[in-house]
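Structure, as structure tokens:
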Amino acid sequence: MNTETKRILIVDDSADDIHFVMESFSKEYAVLAATSGEKALQIADRDPRPDVILMDVEMPGMNGYETCRRLKEAESTQDIDVIFVSSHDTTEEKLAGYDAGGSDYLIKPVQPDMLLQKVKLAISNRADRESSAQETSSAMQTAMTAISNVGEMGVVINFLRGSFLADNSETLARQIVEATANYGLENSVQISSSEKPVYASSNKSIPPLEQELLSRLSGERRIMESGSRLILSFGVVSQLIKNMPDDDDRRGRLRDHLAILLEGAEARAKALAIQTELASVVADSNQTLLNIELLQKKQQQSGMQIMDDVVQDIENAFFTSGLTEEQEKQIMDIVQLGAGKSQVNLEQGLQLNQQLRAIIDRLAQFSSM
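Per UniProt numbering, the sequence shown starts with residue 1, numbered consecutively.
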């Protein structure tokens, strides 16, 4: 609550009227006096300014209406309530006072209680206006912050959309740098991988110390601030900001936006790593399957050759074995049956290869998505 003594300025060329006001208000208010419109303008424009002005109408030189108009034209005094105190009780005079910018119009002689009541009302109304202006300003600031926040959040949304199209870590790192640069921030980024880290920067090169700092933070989840610098680490993605703004509100908003941006970047970097690993597995599986197919073909050819040799050796042995023709036929049927089963077994192995090939082809399609 504001307990500061309120100030009243009485503008009147009558010493008696000035004395009357001072007697009525000096115990509760700080009373200032001016005997002309020109002098009133000078006093009203000095700090501390009056809270209410009691204005006579008829004065030598500048009259009360003109003085009030001048007060309302000046930005420094336009919010001060002006109460006209005049002996003219006509509609025309009151309209003139209203047109000049007065908030009330009292007719002389004025009772002290009535004058005190009007002054208190004017002070209360001014306090209400100031409170309303502060609320309006706060609401406007909130609205402007919200509008600014929406625009800033658009950078994050656009990045997330674009990151889905990044097909490698180099592209993703550049997208992070470019998105952050849209906030007017100089930054460097590192994305760790199984082979070697990928770097990108809003400058042409990254100093060794920056690379070391980014590498040390890799794999952690933390946000560090030091002066105008901000370091963010989200898993395999680390970022160094070099020129964070001094404004606390904007600094906080950007910190939140960048955290969301890097969380999205981390998710995309992990997806790229999975795709890369899956592609490697598919390539290795393809090569392994080719090796198996070649080995099976060799085994099939070798098996057929072995069976042919066995049949030939048995037929040669028949000449000296003394077996009957019927016995020889039985033996050859047994051998041929075994050879047939061996061939079926090899063909089943080839069918298994075809099933493995179908699985590998599906994995290859998935890894290229």
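All C-beta atoms in this analysis are idealised placements derived from N, C-alpha and C, irrespective of residue type, glycine included. This one's a predicted model, so the numbers in the text were calculated from it and none came from an experiment.
Check your understanding: Where do the N-terminal and C-terminal ends of the beta strand (DSSP E) with residue 29 fall, by residue?
Key -> It is not in any beta strand (DSSP E) - residue 29 carries neither H nor E in the DSSP assignment.
Review point. What first and last residue would you give for the beta strand (DSSP E) that runs through residue 18?
Key: Where residue 18 is concerned, there is no enclosing beta strand (DSSP E), although the alpha helix (DSSP H) around it starts and stops at 15 to 25.
**Study point:** Cα-Cα separation, residue 287 to residue 177
**Key:** Whole-angstrom Cα-Cα distance: 39 Å.
Exercise for review: Would you kindly work out how many angstroms separate the C-alpha atoms of residue 183 and residue 152, rounded to a whole number?
Suggested key: Spanning the alpha carbons of residue 183 and residue 152 requires a straight line of approximately 8 Å.
Point to revise | Limits of the unbroken alpha helix (DSSP H) element including residue 66 | key: Run containing residue 66: 64 to 73, per the alpha helix (DSSP H) assignment.
Exercise for review: Would you kindly work out how many angstroms separate the C-alpha atoms of residue 430 and residue 79, rounded to a whole number?
Suggested key: Outside the modelled stretch of the chain, which goes from 1 to 369, sits residue 430, for which no answer is possible.
Practice item. Select from 46, 38, 314 the residue whose C-alpha is nearest the C-alpha of residue 7. Key: Among 46, 38, 314, the Cα nearest to that of residue 7 is on 46.
**Study point:** Integer-rounded CB distance, given that residue 232 should sit under 8 Å from residue 223
**Key:** With a contact defined as Cβ atoms closer than 8 Å, residue 223 and residue 232 qualify at about 5 Å.
**Study point:** Any beta strand (DSSP E) of 3 or more consecutive residues that is wholly inside the stretch 188 to 274
**Key:** Within the stretch 188 to 274, the complete beta strand (DSSP E) runs of at least 3 residues are 198 to 201, 221 to 226, 229 to 234, 237 to 241.
**Study point:** Option in 324, 331, 361 with minimal Cα separation from residue 312
**Key:** Cα-wise, what sits closest to residue 312 is 331.
Review point. Buried or exposed: which applies to residue 84, given that a residue is buried once 16 or more other Cβ atoms fall within 10 Å of its Cβ?
Key: Taking all protein chains in view, the Cβ of residue 84 is crowded by 16 or more other Cβ atoms within 10 Å, so the residue is classified as buried.
Exercise for review: Could you check what DSSP says for residue 323 in three-state terms: helix, strand or coil?
Suggested key: It is coil, neither helix nor strand.
Review point. Exposed or buried, residue 64, counting other C-beta atoms within 10 Å across all chains shown (16 or more means buried)?
Key: Per the 10 Å Cβ criterion, buried.
Review point. Among 28, 27, 50, which has the Cα closest to the Cα of residue 11?
Key: Taking only the C-alpha atoms, the option nearest residue 11 is 50.
Check your understanding: Are the stretch 159 to 173 and the stretch 260 to 274 in contact at 8 Å, needing three or more beta carbon pairs?
Key -> Judged by Cβ distances under 8 Å, the stretch 159 to 173 makes contact with the stretch 260 to 274, as three or more pairs qualify.
Practice item. Starting from residue 36, trace the beta strand (DSSP E) both ways and give me its first and last residue. Key: It is not in any beta strand (DSSP E) - residue 36 carries neither H nor E in the DSSP assignment.
Check your understanding: Can you tell me whether DSSP reads residue 159 as helix, strand or coil?
Key -> Note: residue 159 maps to helix in three-state DSSP.
**Study point:** Simplified DSSP state of residue 55, which is helix, strand or coil
**Key:** Strand.
Check your understanding: Can at least three beta-carbon pairs, one atom from the stretch 95 to 113 and one from the stretch 69 to 79, be found at a separation below 8 Å?
Key -> Below 8 Å, enough C-beta pairs join the stretch 95 to 113 and the stretch 69 to 79 to call them touching: three or more.
Check your understanding: How would you label residue 53, buried or exposed, when you count the other beta carbons within 10 angstroms and need 16 or more for buried?
Key -> Its Cβ being crowded by 16 or more others within 10 Å, residue 53 is buried.
Check your understanding: With 16 other CB atoms within 10 Å as the buried threshold, where does residue 5 fall?
Key -> A residue is called buried when at least 16 other Cβ atoms come within 10 angstroms of its Cβ; residue 5 does not meet this threshold and is exposed.
**Study point:** Unbroken beta strand (DSSP E) run spanning residue 86, endpoints
**Key:** Run containing residue 86: 81 to 86, per the beta strand (DSSP E) assignment.
Review point. What residues in its chain sit with their C-beta under 7 Å from that of residue 123, if we drop five residues either side in the sequence?
Key: Result list for residue 123: 6, 51, 52, in chain order.
Exercise for review: Would you tell me roughly how many angstroms separate the C-alpha atoms of residue 147 and residue 154, rounded to the nearest one?
Suggested key: Its pLDDT being 42, under 50, residue 147 is placed unreliably in this model, and the value from its coordinates should be taken loosely. Whole-angstrom Cα-Cα distance: 11 Å.
**Study point:** Distance CB(residue 41)-CB(residue 9) smaller than 7 Å
**Key:** No.
Review point. Per DSSP, what kind of secondary structure is residue 144 in: helix, strand or coil?
Key: With a pLDDT of only 49 at residue 144, under the threshold of 50, the placement of this residue in the model should not be trusted; the figure read from the coordinates follows. The answer is helix: DSSP assigns residue 144 an H, G or I state.
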